[in-house]
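Here the structure comes first, spelled out in C-alpha coordinates, and everything after it is commentary.
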Amino acid sequence: MKIIFHKNFEKNYARLTSAQKEKFKNRKNIFLSNQFDPILRNHALSGRYEGYRSISITGDLRVIYMLINETTAFFVDIDSHSNLYR
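Going by the working numbering, the sequence shown opens with residue 45, and the numbers climb by one from there.
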(Lines of atoms letter the chains of each structure in order from A and count residues from 1; the text may use other names and numbers.)
(Lines give C-alpha, C1' and ligand atoms only; values in the text may rest on other atoms or scores of the structure.)
Protein backbone atom coordinates (compact mmCIF):
# COMPACT_ATOMS: atom_id res chain seq x y z
CA MET A 1 0.00 0.00 0.00
CA LYS A 2 1.22 3.46 -0.89
CA ILE A 3 0.07 6.57 0.99
CA ILE A 4 -0.18 10.03 -0.56
CA PHE A 5 -0.57 13.00 1.79
CA HIS A 6 -2.75 16.03 1.03
CA LYS A 7 -1.32 19.46 1.92
CA ASN A 8 -4.01 19.88 4.64
CA PHE A 9 -2.86 16.62 6.19
CA GLU A 10 0.77 17.77 6.13
CA LYS A 11 -0.14 21.14 7.67
CA ASN A 12 -2.13 19.59 10.52
CA TYR A 13 0.43 16.82 11.05
CA ALA A 14 3.12 19.48 11.62
CA ARG A 15 1.01 20.87 14.50
CA LEU A 16 0.83 17.56 16.38
CA THR A 17 2.84 16.87 19.50
CA SER A 18 5.80 14.52 19.20
CA ALA A 19 3.82 11.85 21.09
CA GLN A 20 0.94 12.15 18.61
CA LYS A 21 3.35 11.95 15.67
CA GLU A 22 4.89 8.79 17.13
CA LYS A 23 1.44 7.26 17.62
CA PHE A 24 0.55 8.14 14.02
CA LYS A 25 3.71 6.44 12.71
CA ASN A 26 2.78 3.31 14.64
CA ARG A 27 -0.80 3.30 13.32
CA LYS A 28 0.40 4.08 9.79
CA ASN A 29 2.56 0.94 9.88
CA ILE A 30 -0.43 -1.09 11.05
CA PHE A 31 -2.50 0.45 8.24
CA LEU A 32 0.16 -0.47 5.68
CA SER A 33 0.09 -4.09 6.89
CA ASN A 34 -3.68 -4.40 7.26
CA GLN A 35 -5.92 -1.39 6.73
CA PHE A 36 -8.78 -3.16 8.50
CA ASP A 37 -6.91 -4.15 11.66
CA PRO A 38 -9.46 -3.73 14.49
CA ILE A 39 -7.16 -1.36 16.42
CA LEU A 40 -7.62 1.23 13.64
CA ARG A 41 -11.43 1.23 13.95
CA ASN A 42 -11.56 1.83 10.19
CA HIS A 43 -15.02 2.86 9.02
CA ALA A 44 -16.79 4.55 6.12
CA LEU A 45 -17.99 8.11 6.56
CA SER A 46 -21.20 9.77 5.42
CA GLY A 47 -22.52 13.28 4.91
CA ARG A 48 -19.96 15.74 3.62
CA TYR A 49 -17.33 12.98 3.84
CA GLU A 50 -19.30 10.49 1.74
CA GLY A 51 -16.81 8.22 -0.05
CA TYR A 52 -14.08 8.75 2.58
CA ARG A 53 -13.00 6.54 5.44
CA SER A 54 -11.62 7.25 8.91
CA ILE A 55 -9.08 5.52 11.12
CA SER A 56 -8.38 6.16 14.78
CA ILE A 57 -4.90 7.22 15.86
CA THR A 58 -5.65 7.95 19.53
CA GLY A 59 -8.88 8.24 21.48
CA ASP A 60 -9.60 11.62 19.85
CA LEU A 61 -7.16 11.88 16.91
CA ARG A 62 -8.45 10.71 13.53
CA VAL A 63 -7.22 10.43 9.95
CA ILE A 64 -9.64 10.91 7.07
CA TYR A 65 -8.60 9.16 3.88
CA MET A 66 -9.82 7.92 0.54
CA LEU A 67 -8.78 4.79 -1.28
CA ILE A 68 -7.68 5.77 -4.77
CA ASN A 69 -7.23 2.16 -5.85
CA GLU A 70 -6.27 -1.19 -4.30
CA THR A 71 -2.69 -0.08 -3.70
CA THR A 72 -2.97 3.66 -2.93
CA ALA A 73 -4.56 5.62 -0.08
CA PHE A 74 -4.91 9.41 -0.05
CA PHE A 75 -4.66 10.76 3.52
CA VAL A 76 -6.70 13.96 3.40
CA ASP A 77 -6.63 15.25 6.98
CA ILE A 78 -5.57 14.50 10.54
CA ASP A 79 -7.12 16.24 13.53
CA SER A 80 -9.27 15.76 16.59
CA HIS A 81 -12.70 14.21 16.17
CA SER A 82 -14.44 17.47 17.12
CA ASN A 83 -12.43 19.55 14.62
CA LEU A 84 -12.96 17.15 11.72
CA TYR A 85 -16.69 16.57 12.15
CA ARG A 86 -18.05 20.06 12.92
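From the three backbone atoms N, C-alpha and C, an ideal C-beta is built for every residue, glycine too.
By DSSP, does residue i sit in helix, in strand, or in coil?
i: L111; result: strand
i: H50; result: coil
i: S126; result: helix
i: L84; result: helix
i: R106; result: strand
Note the first and the last residue of the continuous beta strand (DSSP E) segment covering residue i.
i: R71; result: Counting along the chain, R71 falls outside any beta strand (DSSP E), though it belongs to the alpha helix (DSSP H) covering 62 to 77.
i: L90; result: The question names Leu, but residue 90 is Ser in the sequence shown. Unbroken run through S90: none, as it is neither H nor E.
i: R97; result: 97 to 100
Are the CB atoms of residue i and residue j nearer to each other than 9 Å?
i: I83; j: R71; result: yes
i: I122; j: L60; result: yes
i: I101; j: K67; result: yes
Could you check how far apart the C-beta atoms of residue i and residue j are, in whole angstroms? I think they sit under 8 Å.
i: Y129; j: M110; result: In fact, because the Cβ distance is near 16 Å, the residues do not count as touching under 8 Å.
i: I47; j: F119; result: 6 Å
i: M45; j: L76; result: 5 Å
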